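**Student:** In short: position in the sequence shown from 1, add 678, done, that's this note's numbering.
Positions of the beta carbon are idealized from the N, C-alpha and C atoms, including for glycine.
Predicted, not measured: the structure shown is a model, and the values here were computed from it.
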Amino acid sequence: LHLPDDHGALAVQEAIVAKMAQLPATLRRTLTWDQGREMANHAAIAAATELDIYFCDPHSPWQRGSNENT
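#1: Would you kindly check if the distance between the Cβ of L681 and the Cβ of A693 is under 8 Å?
#2: Taking only the alpha-carbon atoms, compute the straight-line gap between H685 and G714 and give it to the nearest angstrom.
#3: Let me know if N747 comes out buried or exposed under the rule of 16 or more other beta-carbons within 10 Å of its beta-carbon.
#4: Pull the bridge partners of W711 from the DSSP assignment, please.
#5: How would you write the range of the alpha helix (DSSP H) that E751 sits in, first residue to last?
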């Protein structure tokens, strides 16, 4: 997912919801994010996309292993 230049919560919410709408349901299961203000609208994202959203512990980006290590 390419984030918009404006990494504000509303812009990120709109980008995620739009991208998830393009994916088949079998690929829309969970989203794991590091800590950041851009996910302030995570509840709205979860409601709109039916994703389970998880957050890494602070200062622990390796908890998103497949993203950080590929």
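**Tutor:** Straight from the coordinates:
#1: Taking the sequence shown and counting its residues from 1, the one referred to as residue 693 is at position 15. Taking the sequence shown and counting its residues from 1, the one referred to as residue 681 is at position 3. For the pair A693 and L681, the CB atoms are nearer than the 8 Å cut-off.
#2: On the sequence shown, residue 685 is found 7 positions in, with the first residue counted as 1. On the sequence shown, residue 714 is found 36 positions in, with the first residue counted as 1. C-alpha separation (whole angstroms): 10 Å.
#3: For the purposes of this step, residue 747 is taken as the residue at position 69 of the sequence shown. Caution is warranted here: a pLDDT of 48 is assigned to N747, below 50, making its placement in the model unreliable, and the coordinate value is therefore given only provisionally. By the neighbour-count rule (16 or more Cβ atoms within 10 Å), N747 is not buried but exposed.
#4: Position 33 of the sequence shown, counted from the start, is the residue given in the question as residue 711. DSSP lists F733 as partners of W711.
#5: Past the boundaries of the shown model lies residue 751; the chain is included only from 679 to 748, so the question cannot be answered.
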